[in-house]
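Data first, discussion second: the structure below is written as structure tokens.
Number of protein chains: 2
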Amino acid sequence: MHTGTGSLADVITALAGGVGAARLLRGMIRAVPADQVTAVVNTGDDTELHGLHISPDLDTVAYTLSGRSDEERGWGLAGESWAVMTALEELGGEAWFRLGDRDLATHLLRTGRLRAGATLSEVTAELSAALGLAVRLLPMSDDPVRTRLRLVEGGEVAFQDYFVRLRHEVAVASVHFEGAGSARPGPGVLEALAGADRVVICPSNPILSIGPILALPGVTEALAARRADVVAVSPIVAGSALKGPADRLMGELGLEVSVVGVARAYAAVAGTLVIDEADADLAGQVEDVGTACVVTETVMSTPERATALARVVLGGDR
Amino acid sequence: MHTGTGSLADVITALAGGVGAARLLRGMIRAVPADQVTAVVNTGDDTELHGLHISPDLDTVAYTLSGRSDEERGWGLAGESWAVMTALEELGGEAWFRLGDRDLATHLLRTGRLRAGATLSEVTAELSAALGLAVRLLPMSDDPVRTRLRLVEGGEVAFQDYFVRLRHEVAVASVHFEGAGSARPGPGVLEALAGADRVVICPSNPILSIGPILALPGVTEALAARRADVVAVSPIVAGSALKGPADRLMGELGLEVSVVGVARAYAAVAGTLVIDEADADLAGQVEDVGTACVVTETVMSTPERATALARVVLGGDR
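Protein sequences appear in the order of chains A and B.
Using this note's numbering, the letters of the first sequence correspond one by one to residues 13 to 330.
Using this note's numbering, the letters of the second sequence correspond one by one to residues 13 to 330.
Dropping the structure here:
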């Protein structure tokens, strides 16, 4: 990876989870033309609720990149209303997974098309077009892969049960990606990984968001084959996840909760790790893992900071 | 059937379609205790939209009997909002079948329970309880029965395509009830028909709303066996349907568009037909069919008129 040359990578493929990925992608498309960017998005969090197919990460990325996300709440659509959930609660229905009215329209459209025989890739392309996205969003797979977590207290739960219903406040013994072994990467995924000038692993949860993508047959191999072109951004800053349970989960699963632990988790696939200035003192330890280390501001508290981070990640000015 | 005695039938089972049935049922539960009334409701209009199971007639009856229906619009819930449909249209989704936000909560709850393995009967009982209904609502069947219409211009359409999308403005060559031959009447349906003191065929479309119920194995036979206890209310008044395409459809399918045509359609199952005073001159022709004829005001323009009609139908004051 070359950084600081002032020229940015031309064709970019990003592995993406939810909010952190969406913010970095938004920075990227301020730094390079959006149609040069392909995002391969985790679908291990996908779930079926009330008969509707929900793809939380795909929607977070699409809503964010189309300027529709609610930045304050941190998920869902801006200007959202909640009439359906209110009525559902009145009927005694399960409403712990909050589906806004406008968000539900996405789920209705997706589910209707899936039931009519469309693939998730096809529906995602249609929704992207409807939202006016120039970035190419690819579900990691059209086949169902479902992240499941075995709890220390016993029992196993689906991702959304863990993440939303239990608010990731329970100890996890292990994680597996049901269906990943036999799922095929979605159309265009392996090509996008092979054909990009640079592959970016967004600052998403390494286990729950990037893990399912890496678990698909051929993906880890494709990245390992060009590890020098793969740059990951650490979702851990100063020993903590900025959002979500990445820190807790890494610890529970025996990973060091630091940028060094992230470097180790991605050792096989990422030649470079971008870490925050708060972790500058760990750069040497990252390099000891065998991973080049770039130190910069990684906290995307404003769109401008996200753009600056993207320019570093894509190999331009620092 | 005994009318004018002042005493009303004790245990009542009604065959019901949508709005006309709901209004008569609302009248009934002002005349007799609601828990004496069982409504066997048409599910031939059921459809799947956006992956959701929609049961229009069950919902119309439930919303009306629980005081939640929008009386002015004539369908759906009062105080409804349309945020989901608006967003769906913005995404380019199919929005010709208008699903209100509050109405969607019903469909989400029903669909989620069906996908979890509940039967339509079970879900209907749960929704009825949530809405505080004392009337027992029974879907005519837990098995899928789908009303399909062959058009004179060629081609075949599903019920909602005909009714909503095409606004029943196309000529129909024939109607059939897909699945009816092998569908079983829902749990309790045949028992309710056998055990009632009186069976009422509500003023619904004889072909599209009552037809599917009569097409289920055993239903016509159960009614024919006790034809004298079965009273139908004509949905045709002065040669026209008060609502919907019953008149047009009867004509297209070769039935006389009059109370006489209704008497003939129900000749095998209903011993009595209640007709409007506007059709009093046809009472003799109805009796020529072999059907006793009761003349009264049948237009349920107010709840009081619906109650008065119910009292006649149930054999009380006229």
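Cβ coordinates follow ideal geometry from the N, Cα and C atoms, glycine included.
Fair warning: this is a prediction, and the values are worked out from it, not measured in the lab.
> What does A:Glu309 touch in chain B if you count any residue whose Cβ is under 9 Å from its own?
Replying inline: Correct list: empty, because the minimum Cβ distance to chain B is about 36 Å.
>> Which residues does DSSP list as the beta-bridge partners of B:Phe189?
In response: B:Thr159
> What first and last residue would you give for the beta strand (DSSP E) that runs through B:Asp288?
Replying inline: Thr284 to Asp288
> If contact means a Cβ-Cβ distance below 7 Å, which residues of the segment 215–234 of chain B contact chain A?
Replying inline: none
> Between A:Val53 and A:Val23, is the Cβ-Cβ spacing less than 7 Å?
Replying inline: no
>> Below 8 Å, how does it come out for the segment 52–70 of chain B and the segment 120–129 of chain A: are there three or more Cβ pairs, yes or no?
In response: yes
> Is the segment 308–325 of chain B touching the segment 35–46 of chain B, taking contact as three or more C-beta pairs under 8 Å?
Replying inline: yes
> Whose Cβ in chain A lies nearer than 8 Å to the Cβ of B:Ala130?
Replying inline: Those do not exist, as B:Ala130 stays about 12 Å from chain A at its closest Cβ, beyond 8 Å.
>> Quick test of your reading: A:Val286 and A:Val245, contact by CB under 8 Å. State the CB separation rounded to the nearest angstrom.
In response: 5 Å
> Taking just the CA atoms, how far does A:Ser252 sit from A:Asn217?
Replying inline: 11 Å
>> For chain B, check one thing: does any of its Cβ atoms lie closer than 7 Å to the Cβ of A:Gly144?
In response: no
> Going along chain B, which residues have a C-beta under 7 Å from A:Arg114?
Replying inline: Ala95 and Ala99
>> What are the residues in the segment 76–95 of chain B lying within 8 Å of chain A by C-beta distance?
In response: Ser93 and Ala95
> When we look at the beta-carbon of B:Val87 and count the other beta-carbons within 10 Å, is it buried (16 or more) or exposed?
Replying inline: Residue identity differs from the one stated: residue 87 of chain B is Trp in this sequence, not Val. With 16 or more other Cβ atoms within 10 Å, it is buried.
> Just how far apart, CA to CA, sit B:Gln172 and A:Pro224?
Replying inline: 41 Å
> So what does B:Ala51 bridge to, in DSSP terms?
Replying inline: B:Ala26 and B:Leu149
>> If distances are taken between C-alpha atoms only, which option among B:Leu150, B:Pro45 and B:Gly207 comes closest to B:Ala51?
In response: B:Leu150
>> Could you compute how far the alpha carbon of A:Ile222 sits from the alpha carbon of B:Thr159?
In response: 47 Å
> Per DSSP, B:Thr59 is paired with what?
Replying inline: B:Ile66
>> Please report the distance separating the alpha-carbon of A:Thr319 from that of B:Ala130.
In response: 50 Å
> Can you find a C-beta in chain A that's less than 7 Å from the C-beta of B:Thr319?
Replying inline: no
> Hey, is the segment 194–206 of chain B in contact with the segment 295–303 of chain B, meaning 3+ C-beta pairs nearer than 8 Å?
Replying inline: no
> Is the Cβ-Cβ distance between B:Asp209 and B:Val249 less than 7 Å?
Replying inline: no
> What residues in the segment 175–188 of chain A have a beta carbon less than 9 Å from any beta carbon of chain B?
Replying inline: none
> Mapping DSSP to helix, strand and coil, what is A:Thr310?
Replying inline: coil
> Which residue's Cα is closest to the Cα of A:Ile219: A:Val243, A:Arg260, A:His119 and A:Ala295?
Replying inline: A:Arg260
> Residue range of the beta strand (DSSP E) that A:Arg210 falls in?
Replying inline: Arg210 to Ile213
> For B:Ser216, does the three-state DSSP call read helix, strand or coil?
Replying inline: coil
> Would you say A:Leu103 reaches chain B, if we count a Cβ-Cβ gap shorter than 7 Å as a contact?
Replying inline: yes
> In chain B, what lies closer than 9 Å to A:Glu134 by C-beta?
Replying inline: Result: empty, since nearest Cβ-Cβ is about 14 Å, beyond 9 Å.
> Are B:Ala195 and B:Val157 close, meaning C-beta to C-beta below 7 Å?
Replying inline: yes
>> Going by DSSP in three states, B:Ser81 sits in which element: helix, strand or coil?
In response: strand
>> I'd like to know if A:Gly266 contacts chain B, where contact means its C-beta is closer than 7 Å to some C-beta of that chain.
In response: no
> For A:Val164, is the classification buried or exposed, using 16 other Cβ atoms within 10 angstroms of its Cβ as the cut-off for buried?
Replying inline: exposed
> Distance, Cα to Cα, B:Pro199 vs B:Leu27?
Replying inline: 15 Å
> Taking the alpha-carbon positions, what's the A:Asp47 to B:Gly56 distance?
Replying inline: 48 Å
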